[in-house]
Amino acid sequence: MSGSLGRAAAALLRWGRGGGLWSPGVRTAGSGAGGGGGSGSTEHLDALVKKDKVVVFLKGTPEQPQCGFSNAVVQILRLHGVRDYAAYNVLDDPDLRQGIKDYSNWPTIPQVYLNGEFVGGCDILLQMHQNGDLVEELKKLGVRSALLGEDKDQDSK
Amino acid sequence: MELSSHYLREKLQRDLEAEHVEVEDTTLNRCATSFRVLVVSTKFEGKPLLQRHRLVNECLAEELPHIHAFEQKTLTPEQWAREQPK
């Protein structure tokens, strides 16, 4: 295997460890439903993914990701200067954790939604970041990537 | 159902008529059953990333619930050829 995906992801994970600047725009929203299975329901998740332009489901929070793949998603968004996004911690809520896998028909966390549409997990986001697609998708949302106009080659081989 | 690299490789190769498959057991890095796979197949042609990954997920639908972490890279034969060192 060429390993380039792994190397890029590893680089992102290393950068994430420095702690430091976290932007105040990031919201960490709780599941909101108070029990009774509501937090994993289709209706609830439907509302969550449409409420914000950029929505991610993570293990942990943007400030403290609990998983390397979730951290990679956080770091990619940070690289693009995406500050205003909703982040939901599936470790807080087992119903949410299973519910979002069923809702997306996707087996793993993290999961990324742009404009209410499921985009994929860490692998896909990383590839979109590397091939320029993420800049385009963000532009469609009216979000200008911080990487526009800068040297985009900084993390490719 | 046996969760070995060999088993996964065979299944992916068969179901996706893949030209090339690599399966790496990354369990040691993740403290729980984990794999990283590379699949090269003509079935990915014309399909966006998400659709390609869903094809792989469907192929391994039975196994994935038992895998803790799963990374995948999906390429068409043309993309794979372009990645090879000259």
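Protein sequence lines correspond, in order, to chains D and X. Taking my numbering, I'd label the letters of the first sequence as residues 107 to 263. Taking my numbering, I'd label the letters of the second sequence as residues 1241 to 1326. The C-beta atom is built at its ideal place from N, Cα and C for all residues, glycine as well. Keep in mind it's a predicted model, so treat the numbers as computed, not measured.
The straight-line gap separating the alpha-carbon atoms of D/G222 and D/L154 is approximately 8 Å. In this structure D/N211 is exposed. Its beta-carbon is surrounded by fewer than 16 other beta-carbon atoms within 10 angstroms. Between the region 186-203 of chain D and the region 1277-1292 of chain X, the count of C-beta pairs closer than 8 Å stays below three; the two stretches do not touch. Listed along the chain, the chain X residues whose CB falls inside 7 Å of the CB of D/G226 are L1289, L1290 and H1293.
Here D/K156 has G222 as same chain residues with Cβ atoms under 7 Å from its own Cβ, once five neighbours each way along the sequence are excluded.
With the criterion set as a beta carbon lying under 8 Å from some beta carbon of chain D, the members of the region 1310-1321 of chain X are F1310, E1311, Q1312 and K1313, in sequence order. The C-beta of D/F163 comes no closer than 8 Å to any C-beta of chain X. Counting other Cβ atoms within 10 Å of its Cβ, X/R1254 stays below 16 and is therefore classed as exposed. Nearest CB-CB separation between D/P213 and chain X: below the 8 Å threshold.
In this structure D/P200 is exposed. Its beta-carbon is surrounded by fewer than 16 other beta-carbon atoms within 10 angstroms. In this structure, DSSP gives D/P171 an extended state, which the three-state scheme calls strand.
Rounded to whole angstroms, the Cβ separation of X/R1276 and X/H1308 is 12 Å, and the two are not in contact under 8 Å. Residue burial annotation: D/Y219 is buried, with at least 16 other C-beta atoms found within 10 angstroms of its C-beta.
Between D/L151 and D/I206 a beta carbon distance of about 6 Å is seen, short of the 8 Å cut, so the two are scored as contacting. For the set D/L247, D/T214 and D/R203, the Cα lying nearest the Cα of D/S147 is the one of D/R203. Contact between X/E1262 and X/P1317 does not hold, since the beta-carbon distance rounds to 14 Å and is not under 8 Å.
Residue burial is scored here from C-beta neighbours: D/P216 has at least 16 other C-beta atoms within 10 angstroms and is therefore classed as buried.
Setting aside the 5 residues that flank it on each side, X/L1248 is surrounded in the same chain by V1263, F1275, V1277, L1300 and E1303, each with a C-beta closer than 8 Å to its C-beta; the list follows chain order. DSSP places D/Y194 in the strand class (E or B) of the three-state scheme. Taking a Cβ-Cβ threshold of 8 Å, the residues of chain X close to D/I230 are L1289, L1290 and H1293, in chain order. By the 16-neighbour rule on beta-carbons within 10 angstroms, D/N177 is buried. Here X/D1265 carries a strand assignment [DSSP, helix/strand/coil].
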